[in-house]
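Below is one structure, written out as structure tokens, with a few remarks after it.
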Amino acid sequence: MLEGMLIGLQTVFSIQNLLMVIGGCLIGTFIGMLPGLGPMSIIAIMIPVAISLGDPAAALILLAGVYYGAIFGGSTSSILLNAPGVAGTVATSFDGYPMARQGKAGKALTIAAISSFAGGTIGAILLMIFAPMLSSVALLFHSAEYFGLMVVGLSAIAAFAGTGQVAKALMMTLLGLIMATVGEGALFNLPRFTMGLMDLQSGFGFITLAMAMFALPEAMFLVMNPARTTTDDGGDGKIKDLRITRAEARAIAPVIGRQSIQGFFIGVLPGAGATIASFLGYAVERNIASKEEQAEFGKGSIKGLAAPETANNAACTGSFVPLLTLGIPGSGTTAILLGALIALNVSPGPRLMIDAPEVFWAVIMSMFIGNFVLLILNLPLIPYIAKILAVPRSFLIPFILFFTLMGAYIGQNNATELLLLVGFGVCATILRFADYPLAPLLIGFILGRMLEDNFSRAMQLYDGIGFVWERPMTMGLLVIAVALVLLPSYRERRARLRAAGVADGD
Amino acid sequence: MALDRWIALVLLGICIVYGYAAFFTMDDGLAPFMQRNPIWPSTFPKVLSVMGIVASSIIVLGLEGPQAPPKEGDIDYRRLFDYDVLPAVALLSLMVAYALLLRPAGFLLSTSTFLIGGSLILGERRWLIMVPVAFTATGFIWYLVQEVLGIFLRPLPGFMGI
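The listed protein sequences correspond, in order, to chains V and R.
Number 130 in numbering that gives the first Met the number 0 belongs to position 131 of the first sequence; there are no gaps in the numbering.
Number 12 in numbering that gives the first Met the number 0 belongs to position 13 of the second sequence; there are no gaps in the numbering.
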């Protein structure tokens, strides 16, 4: 392994490859900030540039840099504007945006940068150690287990349900799942619930829904209630605003440690990826937090921000395991990377480590350097990025609305999406008036397709529902899911009974 | 009845219509060989509709207790007309107009009009800042999306030939 690492370091530390890492991170960060352009589209756009380099190691290093940069850039728009452009950063906005509203935008961005760095770096160490053996474990996961894993992901709704509002969160998840069934599914090749409209053939766009659920209602609230206008901490650009206190560092350190490991292992599973890792990370941290800390989640908790940020970066690194060791792309992004590698005459798979060790190790080494470059590039930029919030609202709000429209338009190149965006945005605003949580709807929508596909595949393989009790791992995951849903209600009930008991005693 | 329960009633209606489609109309055109499968395209929607009907009924019947009061800084819908509702409606109408005009009027014209219109609605009257900001931002974003990223955005109105 040491020899491999040295080969990797030698490759990465050439001037050309260092420039690739820095350039890739910068391009990824800046374009990733625009809602609608996720890592997948940015990497797809960069492929011709990467292939023209001719050197597979340099190409992969550039694309990997773009990938990390885009994930980090995506969290910036989630935190500052509540406009998550990528599914993996939706959970970041749950606590990142409230922090920005409390005037802690700089601190939120710093925590995001540090968590991303730690998640990515620890993920890369784990990748180095576990890549060969994990590739065989990932193959043990069949569609039945994926179904179980998705149900656990959905049970994360328990984490978002307000006290005594579990039915509302559940209803919103179901609504998200129902919306995911609109359009043509992968397994059946039949248009469903399209009402004969051609524009609905491919279903609702994710970006459209994400913008409609988060950015648009927030912008409407800002317009209706000017007193709600964000307080800026970027106005004077003082560096003290960015500092994390010792107590805060102590609070997030265990979260980062846990989520780096959990996120990495979820990322290894093909198809699971950064989105599930971030939602699960958020849910797990909320459930194990103390009661006072739990009340903070969703209102600007630093733990609630650090958890998904660490997990999604660790999962991105984890998703390289099946790509590099088995040649199986675990996500859309790694599928595009696979395409680029094949175009460069490198076939990833079990023999990659033997046939092209310089590519394998250079990518792993570039992960360390990429994460480091991201950190040192972004920390000094944070005061300037946070200044976005100091723009007067008469300019900021039209721009937020414009970016939500562009995000929806670029994703599908269809003007009907814009009308859908406005329609859903109005519905989402009304739902928020009535205190319905919107995050579960989006989670249901994101996981809906994958959930149904895996459920259908498992049903076909086992000729019925038998897979639930025939596969112990599926059963275990489903039990965890039920516990996740019931635990908040149980805790709430116990707290109520205890409170009643105290009252009686008085 | 509070707003959340009215909404749940609407959602209940949606779930019933969705369930009706899943149970009674979806499988009509199903090919015979697909009918032998353990799972049909309607299986998952059927499960979802039943669960949706149960969940929305729980909210309609108020089994979970009353709606929590709005959080600090959130909008209280009971006092909706104390807020600036008109600019919000005007901005939404502007977004609809943008959606309808983006293709026929071209990106540059519709976007700069949208940005200037949005600022005007929110009370901005400094034309010397508004107009240059809108034009510069529009031009920059068009250049970035069209020329750098290679995603086609028609810049000028359709009758001008591009």
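Glycine residues also receive a C-beta, built at the ideal position from the N, C-alpha and C atoms.
Flagged as an interface residue toward chain V: VAL144 (chain R), by a C-beta distance shorter than 8 Å.
Of the candidates V:PRO471, V:TYR435, V:VAL150, the residue whose Cα lies closest to the Cα of SER55 (chain R) is V:TYR435. THR135 (chain R): member of the alpha helix (DSSP H) spanning 126 to 141, first to last residue. Between ILE58 (chain R) and the set R:LEU2, R:GLY138, R:PHE22, R:ILE115, the nearest pair of CA atoms involves R:LEU2.
With respect to chain R, the C-beta atom of ILE409 (chain V) has a partner C-beta closer than 8 Å. Under the Cβ distance rule, SER111 (chain R) does not count among the residues neighbouring chain V, no pair being separated by less than 8 Å.
Within chain V, not a single residue places a beta-carbon under 7 Å from that of PRO131 (chain R); the smallest gap is close to 12 Å. Under the three-state reduction of DSSP, GLY256 (chain V) is assigned to helix. Pairing LEU155 (chain R) with GLY105 (chain R) gives a Cβ-Cβ distance under 8 Å. Cβ-Cβ distances below 6 Å link ILE121 (chain V) to SER259 in the same chain, with the five nearest sequence neighbours on each side left out; the list follows chain order.
Considering only beta carbons, the part of the segment 380 to 405 of chain V lying closer than 8 Å to chain R consists of PRO391, ARG392, SER393, PHE394, ILE396, PRO397, PHE398, LEU400, PHE401, LEU404, MET405, in chain order. Taking C-beta atoms under 8 Å as the contact rule, PRO55 (chain V) and VAL345 (chain V) qualify, at a distance of about 5 Å. Using a Cβ distance threshold of 8 Å, PRO97 (chain V) and GLY280 (chain V) do not count as a contacting pair. Its Cα nearest to that of ALA86 (chain V), the residue V:PHE278 stands out among V:ALA361, V:ALA427, V:PHE278, V:ARG392. Going by beta carbons, THR309 (chain V) and ILE275 (chain V) fall outside the 8 Å limit.
For THR137 (chain R), the closest alpha carbon among the candidates R:SER109, R:VAL9, R:ARG78, R:GLY28 is that of R:SER109. DSSP places TRP360 (chain V) in the uninterrupted alpha helix (DSSP H) bounded by 356 to 385. The beta carbons of LEU125 (chain V) and PHE319 (chain V) sit no closer together than 8 Å. As computed with DSSP, GLY182 (chain V) is found in a beta bridge with V:ARG191.
DSSP places SER92 (chain R) in the uninterrupted alpha helix (DSSP H) bounded by 84 to 104. For PHE43 (chain R), a Cβ of chain V is located within less than 8 Å of the residue's own Cβ. Closer than 9 Å at the C-beta level to chain R, one finds these residues of the segment 194 to 227 of chain V: LEU215, ALA218, MET219, PHE220, VAL222, MET223, ASN224, PRO225, ALA226, ARG227. At least one beta carbon of chain V lies nearer than 8 Å to the beta carbon of ARG102 (chain R).
Annotation: Cβ neighbours of LEU10 (chain R) in chain V (cutoff 8 Å, chain order): MET170, LEU174. Close partners of LEU107 (chain R) in chain V (Cβ separation under 9 Å) are lacking, with about 13 Å as the shortest Cβ gap. Taken atom to atom, the span from the alpha-carbon of GLY72 (chain V) to that of PHE29 (chain V) is near 6 Å. Between the segment 89 to 101 of chain R and the segment 111 to 128 of chain R there are three or more C-beta pairs closer than 8 Å, enough to call the two in contact. Comparing C-alpha distances from TYR145 (chain V) to each of V:PRO471, V:LEU485, V:GLY424 shows the shortest one belongs to V:PRO471.
Per DSSP, the continuous alpha helix (DSSP H) segment holding LEU440 (chain V) begins and ends at 438 to 461.
Scanning chain R for C-beta atoms nearer than 9 Å to the C-beta of MET458 (chain V) yields ASN36, PRO37, ILE38, THR42, reported in chain order. Contact check between the segment 40 to 56 of chain R and the segment 12 to 32 of chain R: three or more CB pairs, one atom from each, fall below 8 Å, which counts as touching. At a C-beta separation below 9 Å, TYR76 (chain R) has these neighbours in chain V: ILE429, PHE432, ALA433.
With 16 or more other Cβ atoms inside 10 Å of its own Cβ, ASP94 (chain V) counts as buried.
Using a Cβ-Cβ cut-off of 8 Å, GLU451 (chain V) is close to PHE43 of chain R, given in chain order.
Cβ-Cβ distances below 7 Å link LEU304 (chain V) to THR91, ASP94, GLY95, MET98, ALA107, ILE110, ALA111 in the same chain, with the five nearest sequence neighbours on each side left out; the list follows chain order. Considering only V:GLY3, V:GLY338, V:ARG285, the residue with the shortest C-alpha distance to ILE42 (chain V) is V:GLY338.
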